[in-house]
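What follows is a set of notes on a single structure, which appears directly below.
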Amino acid sequence: MKEEDYFKNLTSRERAIFEGGISMGALYHQFVGTPINLETIESLEDAITQSILLQPAVVNVKVLLDKSLIKQACGDMGYTSLEGNMLNIEITTKIDDIYIITCISYDEELQYPIMYIKD
Numbered sequence: 182m183k184e185e186d187y188f189k190n191l192t193s194r195e196r197a198i199f200e201g202g203i204s205m206g207a208l209y210h211q212f213v214g215t216p217i218n219l220e221t222i223e224s225l226e227d228a229i230t231q232s233i234l235l236q237p238a239v240v241n242v243k244v245l246l247d248k249s250l251i252k253q254a255c256g257d258m259g260y261t262s263l264e265g266n267m268l269n270i271e272i273t274t275k276i277d278d279i280y281i282i283t284c285i286s287y288d289e290e291l292q293y294p295i296m297y298i299k300d
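Residue numbers for the sequence shown follow our numbering, beginning at 182 and rising by one.
Structural data, given as structure tokens:
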């Protein structure tokens with residue numbers, strides 16, 4: 182069976198949303214809990230970007246970890262664990278000519294790191 186046979190019941194938009202959701206879920210569960218401090222923020226942002234760019238249909242990744250929350254959470258040991266509220270990420274997926282931006286950011290009102298479709 183060919184790859185497209187698995188997705189023949191989906192529109193290009195639905196497939197792009199699917200790929201973005203899979204990538205965001207993988208990212209969240211792979212990286213939350215990672216030890217981090219102010220000196221390792223950029224390298225972790227880059228590692229997240231590079232690993233997610235390997236996934237099918239992903240054409241762009243923007244990762245911004247909340248430096249102020251990380252600084253605040255670092256204790257006497259000089260590091261903390263990455264938490265969902267520290268993530269601000271956009272993943273752009275493309276299927277055919279359809280682009281979808283899937284995001285995660287912390288919603289203060291919900292008190293939850295929400296994943297959503299931006300565009």
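Just so you know, even glycine gets a beta-carbon here, dropped at the ideal spot from N, CA and C.
Can you tell which of the options has the C-alpha that lies nearest to the C-alpha of residue i?
i: I233; options: K248, G265, M267 and G202; result: G202
i: I295; options: T274, N266, I282 and K275; result: N266
i: T167; options: I222, V240 and L235; result: Outside the displayed span of the chain (182 to 300) sits residue 167, for which this structure offers no information.
i: T261; options: L268, I270 and L250; result: L250
i: I276; options: M182, K183 and F188; result: F188
i: E184; options: P237, T221, F212 and G214; result: P237
i: D257; options: E226, N218 and D278; result: N218
With DSSP as the reference, please indicate the residues paired to residue i in a beta bridge.
i: N241; result: T273
i: Y280; result: K275
i: L268; result: L246
Just mark residue i as buried or exposed, buried being the case when its beta carbon has 16 or more other beta carbons within 10 Å.
i: T192; result: exposed
Subject >> Continuous alpha helix (DSSP H) assignments of at least 4 residues falling wholly in the segment 202–251 >> reply: 222–234
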